[in-house]
Each structure stands twice: as C-alpha cells, then as structure tokens.
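Student: First the structure, which I've put down as structure tokens, then a few questions once you've had a look.
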Amino acid sequence: MTKITLKFANQTQLFHFLENIANAQHALADKAEQDGTNSETMFSIMALTKIQTEAYKQLADNQS
Numbered sequence: 496m497t498k499i500t501l502k503f504a505n506q507t508q509l510f511h512f513l514e515n516i517a518n519a520q521h522a523l524a525d526k527a528e529q530d531g532t533n534s535e536t537m538f539s540i541m542a543l544t545k546i547q548t549e550a551y552k553q554l555a556d557n558q559s
C-alpha cells in the first residue's frame with residue numbers, strides 16, 4: 496500500500512484542498528453516471544477518497 500503524506504502551510508490551504516477533492520469526486524461521479532461506471536473512474540474516486548481521508552486525519556490532528 497502506498498503511504499500518503501500531506502503537508503499544508505496552514506488550515507486555509509487544507510480546507511481548500513479538501514474542497515477541491517470533493518469537487519473532483521463529484522465530477523467523477525457525474526461522469527460515471529453519464530458514461531457508465533468503469534474501473535478507471537472507480538479507481539480515481541477511491542484514490543481521491545483515500546487522499547481525502549488522510550487530509551481529514553491531518554485536520555483532526557491539527558485541532559487536537
């Protein structure tokens with residue numbers, strides 16, 4: 496499994512990153528809805544979800 500390390504200068508950058516990830520996930524889901532789901536689209540959504548999870552973990556660590 497690949498380890499993901501994310502570093503942000505501040506919380507604002509982290510929030511913008513999370514917002515961009517969510518937008519990309521929605522765009523991919525819309526594409527899958529229109530074109531039919533394929534393995535490449537599903538892999539992309541899963542990869543974005545893993546990155547998003549790591550970013551939320553960092554956000555939680557920063558707030559504790």
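The working numbering applies: residue 496 is where the sequence shown begins, and numbers increase by one.
The C-beta atom is built at its ideal place from N, Cα and C for all residues, glycine as well.
The structure presented is a predicted model; accordingly, all values stated were derived computationally and were not measured.
Can you round the beta-carbon distance between Gln547 and Leu513 to whole angstroms, since I take them to be within the 8 Å contact cut?
Tutor: Locating residue 547 in the sequence shown gives position 52, counting from the first residue. Locating residue 513 in the sequence shown gives position 18, counting from the first residue. Indeed, because the Cβ distance is near 7 Å, the residues count as touching under 8 Å.
Student: Taking Asp556 as the reference, give the member of Asn505, Met537 and Ile516 with the closest Cα.
Tutor: Along the sequence shown, read from residue 1 onward, the residue named residue 556 stands at position 61. Among Asn505, Met537 and Ile516, the Cα nearest to that of Asp556 is on Asn505.
Student: Given Ala527, which residues of its chain have a CB within under 7 Å of its CB, disregarding the five upstream and five downstream residues?
Tutor: The residue labelled residue 527 in the question sits at position 32 within the sequence shown. So the list reads Thr536, once near-sequence residues are dropped.
Student: Which ranges does the alpha helix (DSSP H) cover as unbroken runs of at least 4 residues, wholly within the segment 508–553, from first to last along the chain?
Tutor: The segment 508–553 contains no whole alpha helix (DSSP H) run of 4 or more residues.
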